[in-house]
Amino acid sequence: MKTCFNELNGKKLVIGLVHLLPMLGTPLYQEGNLEKMTKKAIEDCLTLKANGADGGLIQTVDVFYPTTDDTDYGRVAGLAAVTARVRDAVGPDFILGAQIMWNCITPSLAVCKAAGADFTRCSALVGSTESAYGTVSAQPLKVAEYRKKIEALEIGMLSEIYGYHRVGEYNADNIRNLAQTSMRLGADAIEVCDRDFKQNERLVKDVKSAGNFPVILGGATTAENCKERLRYADGALVGTAFEGGKWGGPIIGSIVADYVRNVRELEEESAKV
1 MKTCFNELNG
11 KKLVIGLVHL
21 LPMLGTPLYQ
31 EGNLEKMTKK
41 AIEDCLTLKA
51 NGADGGLIQT
61 VDVFYPTTDD
71 TDYGRVAGLA
81 AVTARVRDAV
91 GPDFILGAQI
101 MWNCITPSLA
111 VCKAAGADFT
121 RCSALVGSTE
131 SAYGTVSAQP
141 LKVAEYRKKI
151 EALEIGMLSE
161 IYGYHRVGEY
171 NADNIRNLAQ
181 TSMRLGADAI
191 EVCDRDFKQN
201 ERLVKDVKSA
211 GNFPVILGGA
221 TTAENCKERL
231 RYADGALVGT
241 AFEGGKWGGP
251 IIGSIVADYV
261 RNVRELEEES
271 AKV
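Numbering follows the numbering used here, with no gaps: position 48 of the sequence shown is 48.
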């Protein structure tokens, strides 16, 4: 089934990260957070849309995270409420994602289905990885069964295989295997990221050599370097760069506009090659 990652035809997706406050059901939640984060998420996504970005990914930022797929009902209900309000504000043509960290894929799919979002991000759809909270192990069968159960095949899944939340030593064969396995088990796009420019480019090429898979960069792009870093990739998730270097702060429209302008120039240049 078609998702937001299909048929890009040379378009490079610019998706801003919307960082929330600690959610219902988590140790650091404070009364009033839900209202504050809803306001922030709406404002951030409207700023992204007004300045040409293709979409936004709304993420829980709870400091304490489970390593399991399942999570507290409050986190699910809270993110669904925020995401639904954002969808109402931005309309149907803005790509909207929702993710319950660290790797709560089935709850995130439920949020997306209920709130009208288009995709979720998976920290470990396949294999396993270490985190500060313990070992995170994939449950692809559970994810596939639940996705089908709630008829969420149109909800895209972005599988992170190397980057901020997916640690491990670099191995080209392993990258290709993770990419192929992810796509075979339901992913719609692959996410990689490395701060080192050459390594970042190598990762993208590794995935592309494994198949004609959409590749989204998970970070480390700015308005200044996006043309170089996105040359072989199909899009990027952009967090701190859009927040003016202040992680968790409001998204700044002028920075988004500069970034998007450079990416659109790259699209035009690539189309001429």
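Backbone N, C-alpha and C fix where the C-beta goes; we use that ideal spot for every residue, glycine too.
Bridge partners - residue i, DSSP secondary structure assignment
i, result
"Gln-59", "His-19, Gln-99"
"Cys-122", "Ser-159"
"Val-215", "Ile-190"
"Ser-128", "Ser-137"
Environment of residue i [buried if 16+ CB atoms lie within 10 Å]
i, result
"Arg-229", "buried"
"Phe-5", "buried"
"Val-260", "buried"
"Gln-59", "buried"
"Asp-70", "exposed"
"Asp-234", "buried"
"Met-1", "exposed"
"Pro-214", "buried"
"Trp-102", "buried"
"Val-143", "buried"
Unbroken alpha helix (DSSP H) run spanning residue i, endpoints
i, result
"Tyr-146", "140-149"
"Thr-135", "Counting along the chain, Thr-135 falls outside any alpha helix (DSSP H), though it belongs to the beta strand (DSSP E) covering 134-137."
"Thr-106", "105-115"
"Leu-34", "33-50"
Among the options, nearest to residue i - alpha-carbon criterion
i, options, result
"Val-136", "Tyr-146, Leu-125, Val-143", "Leu-125"
"Cys-193", "Gly-218, Gly-16, Ser-123, Leu-20", "Gly-218"
"Ala-53", "Asp-258, Val-82, Leu-109", "Asp-258"
"Val-82", "Ile-42, Ile-15, Asn-174", "Ile-42"
"Tyr-65", "Gly-127, Phe-242, Ser-123", "Ser-123"
"Cys-168", "Gly-186, Lys-198, Phe-197, Gly-127", "For the record, residue 168 in the displayed sequence is Gly; it is not Cys. The option with the nearest alpha carbon to Gly-168 is Gly-127."
"Ala-274", "Tyr-133, Asn-103, Val-90", "Within the shown structure, residues of the chain are numbered from 1 to 273, placing residue 274 beyond reach of any answer."
Range covered by the beta strand (DSSP E) that runs through residue i
i, result
"Ala-80", "That residue, Ala-80, is in no beta strand (DSSP E); its alpha helix (DSSP H) goes 73-90."
Spatial neighbours of residue i in its chain, beta-carbon cut-off 7 Å, leaving aside the 5 residues before and after
i, result
"Lys-113", "Ile-150, Ala-152, Ile-155"
"Asn-51", "Gly-253, Val-256, Ala-257, Val-260"
"Thr-181", "Val-126"
Residues near residue i by beta carbon distance below 6 Å, same chain, minus five either side
i, result
"Tyr-170", "none"
"Val-61", "His-19, Leu-20"
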